[in-house]
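Just below is one structure, and these are the notes that go with it.
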Amino acid sequence: MAQKIVTLYIDDLTGEEAEDTATHTFSLDGVSYEIDLGPDSYEQMLQAFGPFVKAARRTGKAKGPAARRRTKSGEGEDTAAIRTWAKANGYAVNDRGRVPAEIREAFTQAR
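At position 55 of the sequence shown the residue is numbered 54 (numbering that gives the first Met the number 0), and the sequence of numbers has no breaks.
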């Protein structure tokens, strides 16, 4: 017996089928939500949330694959570049772990 499995990606907002649909998460009042959106619907959601996101402050840490791939410090600088600069400028910094805030700040001010 042969089987054919077909996966359909459906935009939750429009109900339309789209191969480039992606799952997005957001939270409101302590409740987390997940929605599958195509690029146009996602852009629409970003535009709707935009003014609120700009006025809000971040809390907690990002979760998921994008957060695990992130190799940037809180200032958006590559920690390897900060360590190299710190060592060249006489700062004692470990090869691994968190780069101290004072070193990140000195690096930012030196640029």
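All C-beta atoms in this analysis are idealised placements derived from N, C-alpha and C, irrespective of residue type, glycine included.
Assigned secondary structure, residue i (DSSP; H/G/I helix, E/B strand, else coil)
i          : result
residue 90 : coil
residue 41 : helix
residue 72 : Confidence in residue 72 is poor, its pLDDT being 39 and thus under 50, which makes the residue's placement too unreliable to answer from.
Integer Cβ distance of residue i from residue j, believed to fall under 8 Å
i          : j           : result
residue 81 : residue 103 : 6 Å
residue 10 : residue 45  : Their Cβ separation, rounded to whole angstroms, is 15 Å, which puts residue 10 and residue 45 out of contact at 8 Å.
Own chain partners of residue i with C-beta closer than 6 Å, once the 5 adjacent residues on each side are dropped
i          : result
residue 84 : 106
Residue i versus residue j: straight-line alpha-carbon distance, rounded
i          : j          : result
residue 30 : residue 23 : 14 Å
residue 43 : residue 28 : 21 Å
residue 18 : residue 77 : 34 Å
residue 96 : residue 90 : 15 Å
residue 12 : residue 79 : 42 Å
residue 5  : residue 48 : 33 Å
residue 15 : residue 3  : 22 Å
residue 55 : residue 41 : 19 Å
residue 52 : residue 1  : 49 Å
residue 59 : residue 50 : 20 Å
Residues near residue i in its chain [Cβ-Cβ closer than 7 Å; skip 5 each side]
i           : result
residue 92  : 82, 85, 86, 98 and 102
residue 100 : none
Beta-carbon proximity list for residue i, same chain, < 8 Å, skipping 5 on both sides
i          : result
residue 33 : 22, 23 and 24
residue 88 : 105 and 109
Any C-beta of chain D under 9 Å from that of residue i
i          : result
residue 83 : In the displayed structure, chain D is absent; only one protein chain is listed.
- request: Would you list, in sequence order, the uninterrupted beta strand (DSSP E) runs of no fewer than 3 residues that lie entirely inside the segment 2-59?
  value: The beta strand (DSSP E) runs lying completely inside the segment 2-59 and spanning 3 residues or more are 21-27 and 30-36, given in chain order.
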